[in-house]
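In the order they appear, the protein sequences are chains A and B.
For the first sequence, counting from 1, position 139 maps to 189 in this note's numbering; every step adds exactly one.
For the second sequence, counting from 1, position 10 maps to 19 in this note's numbering; every step adds exactly one.
See below for the structure under consideration.
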Amino acid sequence: MNFKIAVIQFPAANCDLDAIHVLNDVINVKADLVWHNHFKESKYDGVILPGGFAFGDYLRAGIIAAHSPAIDEAKIMLKDGRPVIGICNGFQILTEAQFLPGALLRNESLKFVCKWVNLKVENNKTACTNKMNEGDVLAIPIAHGEGRYYTDNLEELEKNNQIVFRYSTEQGDLTKNANPNGSLDNIAGVCNLEQNCIGLMPHPERASEAILSPKRTEHGKLFFESIVEFITRRLS
Amino acid sequence: MMQANFIVEIIMTNKEMARDPVGETIKRDLLAKKGYDMISNVRSGQYLRINISADNEENAKEIIEDMCNKLRIFNPVTQNLTILRVSKS
């Protein structure tokens, strides 16, 4: 299947090359690193907004990038059903651009938290979870200072099945201790109604090879393989 | 109409229902520990001081309000916007 994914590079992105590496070298799909002002949606079948500190997180994490021309391009992809994925800072950008509901506030601890967490899959119908089972628990690291998910419309989100991942224990229990940043209802990732746009705080691109994982897991790979599956189904 | 220069000062604070750990920490770990028991609550925020040329004070305020809403200078999901003051520069 001939398709291509774009990874957008904003000034001060820092997980862009990791995402490219996983796509190109781990799951062997074509992906380009594209500077945010040069991005043209017509060349791509999916787009990933990677982690980092776009525009220095000035004003609020993600807000300045949300006004970048790349987001206007991504909006076209969003509307015609191509996958638009935001990881960490990318998630912050997607909420600020209003592609996704809610907002990401400063961690409850006020500290930057960098550690491996367990993520429970709550919805396996989305563009980045279709290779997983609901209830699966994935080991994926987080690294953020502003990841406390908040929405004033939790009921709606639950009703529409828009909660994709929750922080949990290794056994899949949604406890307060398993919640690393104070996110509402342990929410770690959400999607839009059409399920082609997903944002999450954890970093699957750092968890896609056994050599990078303390338990030799490669759960992050499922995330990227799901995107490929989604694109393949869409094109076939 | 002659344009004049103004300064518009705005403050963005987290809405009451969104917890504000910065304000909570200042109150709990600094003020309360130093004996300022009379302080019952602290909320933190972000402050911007904007220089603008406009027809008059009212016009300056309108432009800034409109800009803040249009560009989401504050996040309406979690924050309130207050125009603190408009003054001549």
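Where a beta carbon is used, it is the ideal one built from N, C-alpha and C, also for glycine.
Using 8 angstroms as the threshold, is the C-beta distance between residue i and residue j below it?
{"i": "A/I192", "j": "A/V163", "result": "yes"}
{"i": "A/L154", "j": "A/C247", "result": "no"}
{"i": "A/I140", "j": "A/Y200", "result": "It should be noted that the sequence gives Gly, not Ile, for residue 140 of chain A. No."}
{"i": "A/K93", "j": "A/A189", "result": "no"}
{"i": "A/F105", "j": "A/I114", "result": "yes"}
{"i": "A/L224", "j": "A/K170", "result": "yes"}
{"i": "A/R198", "j": "A/G222", "result": "no"}
{"i": "A/N74", "j": "A/A81", "result": "yes"}
Check the Cβ of residue i against every Cβ in chain B and list those closer than 7 angstroms, keeping chain order.
{"i": "A/A153", "result": "N84, V86, T87"}
Could you compute how far the alpha carbon of residue i sits from the alpha carbon of residue j?
{"i": "A/S159", "j": "A/W166", "result": "17 angstroms"}
{"i": "A/E275", "j": "A/L285", "result": "15 angstroms"}
{"i": "B/S98", "j": "B/D29", "result": "33 angstroms"}
{"i": "A/G263", "j": "A/A257", "result": "Position check: residue 263 of chain A holds Ser in this sequence, whereas Gly was assumed. Near 6 angstroms, if we compare the C-alpha coordinates of A/A257 and A/S263."}
{"i": "A/E255", "j": "A/L272", "result": "10 angstroms"}
{"i": "A/H117", "j": "A/G270", "result": "29 angstroms"}
{"i": "A/A228", "j": "A/R216", "result": "9 angstroms"}
{"i": "B/R58", "j": "A/K125", "result": "32 angstroms"}
{"i": "A/K226", "j": "A/T145", "result": "24 angstroms"}
{"i": "B/Q12", "j": "B/V95", "result": "15 angstroms"}
{"i": "A/E91", "j": "A/L128", "result": "10 angstroms"}
{"i": "A/E172", "j": "A/N211", "result": "8 angstroms"}
{"i": "A/V187", "j": "A/A69", "result": "21 angstroms"}
{"i": "B/S49", "j": "A/D107", "result": "31 angstroms"}
{"i": "B/N89", "j": "B/M21", "result": "6 angstroms"}
{"i": "A/R132", "j": "B/V31", "result": "39 angstroms"}
{"i": "A/K161", "j": "B/Y45", "result": "25 angstroms"}
Per DSSP, what kind of secondary structure is residue i in: helix, strand or coil?
{"i": "A/R256", "result": "helix"}
{"i": "A/G136", "result": "strand"}
{"i": "A/D82", "result": "strand"}
{"i": "A/I113", "result": "coil"}
{"i": "A/A153", "result": "strand"}
{"i": "B/M10", "result": "coil"}
{"i": "A/R266", "result": "coil"}
{"i": "B/G54", "result": "strand"}
{"i": "A/R216", "result": "strand"}
{"i": "A/V278", "result": "helix"}
{"i": "A/F53", "result": "coil"}
{"i": "B/T22", "result": "strand"}
What does residue i touch in chain B if you count any residue whose Cβ is under 8 angstroms from its own?
{"i": "A/E146", "result": "R81, N84"}
{"i": "A/Y199", "result": "None at all; the shortest Cβ gap to chain B is about 11 angstroms."}
With a cut-off of 8 angstroms on the beta carbons, I'd call residue i and residue j a contact; round off their distance for me.
{"i": "B/I19", "j": "B/L93", "result": "6 angstroms"}
{"i": "A/C178", "j": "A/I77", "result": "The Cβ separation is near 13 angstroms, so there is no contact."}
{"i": "A/N157", "j": "A/E196", "result": "7 angstroms"}
{"i": "A/I58", "j": "A/V84", "result": "6 angstroms"}
{"i": "B/S62", "j": "B/N23", "result": "Between B/N23 and B/S62 the Cβ distance is about 32 angstroms, and since that is not below 8 angstroms, they are no contact."}
{"i": "B/N84", "j": "B/I16", "result": "24 angstroms between Cβ atoms; not a contact."}
{"i": "A/N168", "j": "A/T219", "result": "6 angstroms"}
{"i": "A/N180", "j": "A/F89", "result": "The Cβ separation is near 25 angstroms, so there is no contact."}
{"i": "A/C241", "j": "A/C138", "result": "About 16 angstroms separates the two Cβ atoms, so there is no contact after all."}
Quick check: is any heavy atom of the ligand FMN less than 7 angstroms from the C-beta of residue i?
{"i": "A/A104", "result": "What this structure holds is no ligand at all, so the ligand FMN is not there to describe."}
Can you list the residues of chain A that residue i reaches, using a CB-CB cut of under 9 angstroms?
{"i": "B/T34", "result": "L160"}
Determine the chain B residues that contact residue i at a beta-carbon separation under 9 angstroms, and present them in chain order.
{"i": "A/H117", "result": "L80, R81"}
{"i": "A/I113", "result": "L80, R81, I82, N84"}
Please compile the residues from chain A whose C-beta is within a distance smaller than 7 angstroms of the C-beta of residue i.
{"i": "B/A27", "result": "L155, Y200"}
Against residue i, what residues of chain A qualify as contacts under a CB-to-CB distance less than 8 angstroms, listed in chain order?
{"i": "B/V31", "result": "R156, L160"}
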